[in-house]
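Enquirer:
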Amino acid sequence: MKRIFADSSILIAGAASKTGASRAVLTMAEIGLFKILISEQVLEECQRNLYKKIPLALPIFKQLISQINPEILPNPYKHDIRNRQL
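Quick note: our numbering has the sequence shown finishing at residue 1525, numbered continuously throughout.
1) Roughly how many angstroms lie between the CA atoms of Leu-1482 and Ile-1499, to the nearest whole one?
2) Using a Cβ-Cβ cutoff of less than 8 Å, which residues in the same chain neighbour Ser-1447 once the five nearest sequence positions on both sides are dropped?
3) Output needed for Leu-1503: all residues of its chain with C-beta closer than 7 Å, excluding positions within five of it in sequence on either side, in chain order.
4) Going by the DSSP bridge assignment, what does Phe-1444 pair with across the sheet?
5) Could you tell me which of Ile-1493, Ala-1445 and Lys-1457 sits nearest to Glu-1479, measuring between CA atoms?
6) So is Ile-1470 buried or exposed if we call it buried at 16+ other beta carbons inside 10 Å?
7) Out of curiosity, what's the CA-to-CA distance linking Arg-1462 and Leu-1450?
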């Protein structure tokens, strides 16, 4: 199965709107077309920003995360990021 990393913009937009490309991506993951990957940092960022900016979307976000069952990756170490060659 293909695996796709989702950043906070996809997850927040998908929770905030029932229509649009971000929700479509999450729906495709939910039906098993691919596996969503997110980092712990992305998960925390989404929850924090939804709480501050769109609190009514927070329960929807939690439900979506439960439904798509993403693979949650640990945050990288700072030295790994610094040493990464592009």
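Even glycine gets a Cβ: it sits at the ideal position worked out from N, Cα and C. Because the structure is a prediction, the values reported are computed rather than measured.
Expert: In this structure, then:
1) For the purposes of this step, residue 1482 is identified with residue 43 of the sequence shown, where counting begins at 1. For the purposes of this step, residue 1499 is identified with residue 60 of the sequence shown, where counting begins at 1. Each residue's Cα considered, the two are about 14 Å apart.
2) Within the sequence shown, the letter at position 8 stands for residue 1447. Listed in chain order, the non-local C-beta contacts of Ser-1447 below 8 Å within the same chain comprise Val-1481, Glu-1484, Cys-1485 and Asn-1488, local neighbours out to five positions each way being set aside.
3) What you label residue 1503 is simply residue 64 of the sequence shown in a count that begins at 1. Same-chain partners within the cutoff: Gly-1453, Ala-1454 and Leu-1465.
4) Stepping through the sequence shown from its first residue, residue 1444 is reached at position 5. Looking at the DSSP assignment, Phe-1444 forms a beta bridge with Leu-1476.
5) Reading the sequence shown from its first residue, position 40 is the one you call residue 1479. Glu-1479 has its Cα closest to that of Ala-1445, out of Ile-1493, Ala-1445 and Lys-1457.
6) The count along the sequence shown starts at 1 and reaches residue 1470 at position 31. Exposed is the call here.
7) As a working note, residue 1462 is residue 23 in the sequence shown. As a working note, residue 1450 is residue 11 in the sequence shown. Cα-Cα distance, rounded: 8 Å.
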